[in-house]
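Working notes, structure below.
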Amino acid sequence: MSAELSHHDVIRVAGARENNLKGFSLEIPKRALTVFTGVSGSGKSSLVFGTIAAESQRMINETYSAFLQGFMPSLNRPDVDELQGLTAAIVVDQERLGANVRSTVGTVTDVYTLLRILFSRVGEPHIGSPQAFSFNVASMSGAGAVTFERGREKTKERREFSITGGMCSRCEGRGQINDIDVSQLIDESLSLNAGAITVPGYKAGGWSVKFYAESGFFDPDKPVRDYTEQERHDLLHREAEKVKMSGVNMTYQGLGPQVRKSMLSKDREAMQSHIKAFVDRAVTFVTCPECDGTRLSELTRSVTVQGINIAEVCALELSDLADWLRTLDEPGVAPLRNSLLETVEHFVEIGLGYLSLDRPAGTLSGGEAQRVKMIRHLGSALTDITYVFDEPTIGLHPHDIARMNQMLLRLRDKGNTVLVVEHKPETIEIADHVVDLGPRAGEDGGELCFEGTVAELRASDTLTGRHLDYRAQVKDRVREPDGAIKVRGAQANNLQHVDVDIPTGVLTVVTGVAGSGKSTLIEGSLAGREGVAFIDQTGIKGSSRSNPATYTGLLEPIRKAFAKANGVKPALFSANSEGACPSCGGAGVIYTELGVMETVASPCEECEGRRFRNEVLEYTLGDEESGAKNISEVLNLSVDQALEFFAAGAARLPAASKILTRLSDVGLGYLRLGQRLNTLSGGERQRIKLATRMSDPGGVYVLDEPTTGLHLADVENLLALLDRLVDSGTSVVVIEHHQAVMAHADWIIDLGPGAGTDGGRVVFTGTPGDLISEASTLTAEHLARYVAG
């Protein structure tokens, strides 16, 4: 085959050097399913997302006009010598589906749009077009001037208009209304003159407080807790009215209405940080009493199809919605009904039948969001597209992984190229082609270790090949609990009055298919209990400059060591303090506003991205044995490199080594000390949180899918770490699907038997051995097959 023809059959990558990639070249077959494997930090994402998908997107953007490109993100060309054979790439990642309060599962998948058309056609009574069922369109009427052009003449006519929208007027289509938690406005133990009002800007003695103190409605020196019912109402709830104060007519209103008017009407993002923090604390959201959370007007809710309205249809679990659609026998909308049914059946097939169309999109997990995005593409008529997936098995029970695999194969069989970054052996097994990167992470990774078939990978001597058939075994002897956390009558979401004892002093694994109620049970029952720590994968709060060194407290002993070695102040070695480069303020980059175009970030020319003043970089720590380094060079070290540096010679620093060892123990040895936290994946965020808690054993740790993002080899290390935690006196509860973790547990709580209304029950509690021998649940079936190999 000629090189020219081969471009039609492969994506050719030559000299890939993005991030830690070592300049290798490879060919990826088109219209095939290729899985990319390797330990965390080996370079998989740099190759698939940072090189192939990024260049495809950049080249597509360049086909648009300069005007349109001005509204698009500015994309740099990846660091690669050559890319050939690219097709349009669609990235199906785990980014949440936006925080827009109006977005629901129905709107982001366009299912609700089709449903609105259906109700506008066959709903009774008929009230108008599809917009009459939209909670984003308000009903309004009025009149306005309209200009008409007839030839060269222009005429203005006044026309009346009427729009029938479905929006609830009370909550404006949000389903919730916000209110003020008045308990956050006052300190009841204090009087007004002593500072009872805790709202930002309301200082004792200031005009705002004097307004209330001198109103005559209450004694300004009496503690608020001693107020009469009327006085409390006047202070907190009294609506605006004209009153005479000190002989002058003024408008008086209680604190609640005043704060609602002055703060809730403003854009949150434009607020100062201390006011934003207060609003986040003081504002509560309650279900709209007008529409009962449906977002829709009473008129819209009066329209029914087969006896139920559109809000009730959207509240159905999607598996039940599929059943409802199958019974819909309206010849005039048959094609529309068939299209709806096909999409809803995709949800059920992929294991999301427990969702409902009215579920807010922002509440979906990363894995759920990725699967919802996938459904949008299954019905697409496009072919020869490159689909890129980032660990699509996250959050999936082994039973659901089989369904996901079928979806990936269907996308391939439509003539598409499917690229999957994945660790689970069940998905690696279905690959047409495997690309393995490594051999390790960070600077020790970025090499092409293997490419070929699954059988060839299994026979190879790579880390992935050696661990592909790894199976954790059920322990001969399990630990005995030293107590139990009793849960009684749990009934949040789909839980069906669950009673269960969660043992302490052991490793407990909570499992079940996606949507069975695992997180609801554990979070709802354990959150807020004394001694219980939730170590999850949510974002880490802090500034955009936060990094592993600052978050773990590692920077503190490092700064002191630098200060002691050089006879200067520790503040010099903080990029957020005296040592910061004056040009970039310690950010390392300069942001340039380009009007309507995307803001450009470029390395600071003065510090060359090193973040510190030049004179600070002249100070070093270490000697010939350890190799002297300045603070910027130290922050550029990986955890494992830093462990080596702080263990030798003049740089020896036990306080730093202790923190670094914990980071290495949780599998983060490849992270750079100065890497921004907002670049970490969910699994990395969870593991860095775990590392910070390991210095304080005891209590109960709850981990949600700690195997997320872990290579098969690292799962063994995780199991050893969990053992160390339990042996040190910490009770560990893990919500997990990975069979290696299940097999290694002392106790298993299995929920199901299905998802949504078919779940919410405890179907098994006991040891892994008992679960396998009873073989009465989906989990038991898959775990038995796993252990048998």
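Position one of the sequence shown corresponds to residue 1 (full-length UniProt numbering), numbered consecutively onward.
All C-beta atoms, glycine included, are put in the ideal place defined by N, C-alpha and C.
Exercise. Quick one: grab the DSSP three-state call for Val243.
Key: strand
Exercise. Verify the contact flag: Ala431, CB atom, against every heavy atom of the ligand PLP, threshold strictly below 8 Å.
Key: Ligands are entirely absent from the displayed structure, and the ligand PLP is therefore not among its contents.
Quiz prompt | Where the beta strand (DSSP E) containing Met250 begins and where it ends | solution = Val248 to Tyr252
Quiz item: Starting from Gly367 and walking both ways along the alpha helix (DSSP H), at which residues does that stretch end?
Solution: Gly366 to Leu378
Practice problem: Quick one: residues in its chain with C-beta nearer than 6 Å to the C-beta of Val101, no 5 flanking neighbours on either side, listed in chain order? | Solution: Arg174
Exercise. Just confirm the distance between the C-beta atoms of Val733 and Thr508, as a whole number of angstroms; I'd bet it's less than 8 Å.
Key: 5 Å
Exercise. Quick one: give me the first and last residue of the alpha helix (DSSP H) that Thr383 is part of.
Key: Counting along the chain, Thr383 falls outside any alpha helix (DSSP H), and DSSP gives it neither H nor E.
Self-check item: Other residues of its chain near Glu298: CB distance less than 6 Å, five sequence neighbours each side excluded
Solution: none
Quiz prompt | Contacting residues, own chain, Cβ-Cβ under 8 Å from Arg676 (five flanking each side not counted) | solution = Ser544, Arg545, Ser546 and Asn547
Quiz item: Is it a yes or a no for the region 311 to 319 touching the region 207 to 217, going by three-plus beta-carbon pairs under 8 Å?
Solution: no
Exercise. Specify the secondary structure class of Ala431 as computed by DSSP and reduced to three states.
Key: coil
Exercise. Sort out for me which residues DSSP pairs Thr34 with in a bridge.
Key: Leu419 and His433
Exercise. Return the chain-ordered ranges of every beta strand (DSSP E) run that is complete within the region 451 to 524 and spans a minimum of 3 residues.
Key: 483 to 490, 498 to 504 and 507 to 511
Exercise. Give the secondary structure of Phe612 by DSSP, where H, G and I count as helix, E and B as strand, and everything else as coil.
Key: strand
Practice problem: Please state if the CB of Arg687 and the CB of Val666 are separated by a distance shorter than 9 Å. | Solution: yes
Exercise. Report yes or no: do the region 639 to 646 and the region 621 to 631 share at least 3 C-beta pairs separated by less than 8 Å?
Key: yes
Practice problem: On a CA-only basis, which of Asn61, Asn614, Arg610 and Thr63 is nearest Val634? Give me that one, please. | Solution: Arg610
Quiz item: Around the C-beta of Thr777, are 16 or more other C-beta atoms found within 10 angstroms, so that it is buried, or is it exposed?
Solution: buried
Quiz item: How would you label Arg785, buried or exposed, when you count the other beta carbons within 10 angstroms and need 16 or more for buried?
Solution: exposed
Exercise. Could you say if the region 472 to 486 and the region 449 to 460 meet the contact criterion of at least three C-beta pairs nearer than 8 Å?
Key: no
Quiz prompt | Inter-residue spacing [alpha-carbon to alpha-carbon] between Val568 and Arg559 | solution = 10 Å
Quiz item: Exposed or buried, what is Arg140 when buried is set at 16 or more other beta-carbons lying within 10 Å of its beta-carbon?
Solution: Checking the sequence, you will find Met at residue 140 rather than Arg. Looking at its Cβ environment, which holds fewer than 16 other Cβ atoms inside 10 Å, Met140 is exposed.
Quiz prompt | When Glu391, Val532, Arg116 and Val715 are compared against Arg301, the one with the closest alpha-carbon | solution = Arg116
Quiz item: Within this structure, are the beta carbons of Val510 and Glu774 separated by less than 9 Å?
Solution: no
Exercise. Measuring alpha carbon to alpha carbon, tell me which of Leu97, Gly539, Ile631 and Arg488 ends up nearest Asn678.
Key: Gly539
Quiz item: With respect to the beta strand (DSSP E) encompassing Leu703, which residues constitute its N-terminal and C-terminal limits?
Solution: Val700 to Asp704
Practice problem: Would you kindly work out how many angstroms separate the C-alpha atoms of Thr87 and Thr383, rounded to a whole number? | Solution: 10 Å
Exercise. With DSSP as the reference, please indicate the residues paired to Gly752 in a beta bridge.
Key: Arg761
Quiz prompt | alpha helix (DSSP H) runs wholly inside the region 83 to 152, at least 4 long, in chain order | solution = 105 to 108 and 111 to 122
Quiz item: Given 8 Å as the limit, is there contact between the region 24 to 33 and the region 8 to 16, that is, 3 or more CB pairs closer than that?
Solution: yes
Quiz item: How close, in whole Å, do the beta carbons of Gly683 and Ala514 come, if the pair is a contact with beta carbons under 8 Å?
Solution: The pair is not a contact, with the Cβ atoms about 17 Å apart (cut-off 8 Å).
Quiz item: Taking just the CA atoms, how far does Gly674 sit from Pro392?
Solution: 29 Å
Quiz item: So who's on the other strand from residue 790, going by DSSP bridges?
Solution: Outside the shown range of the chain, which is 1 to 789, sits residue 790, and nothing can be said about it.
Self-check item: Unbroken alpha helix (DSSP H) run spanning Thr679, endpoints
Solution: First-last for Thr679: undefined, no H or E at that position.
Quiz prompt | Val209, DSSP secondary structure in three states | solution = helix
Quiz item: In terms of residues, what are the limits of the beta strand (DSSP E) holding Phe562?
Solution: First-last for Phe562: Leu555 to Asn566, but that is the alpha helix (DSSP H), not the beta strand (DSSP E).
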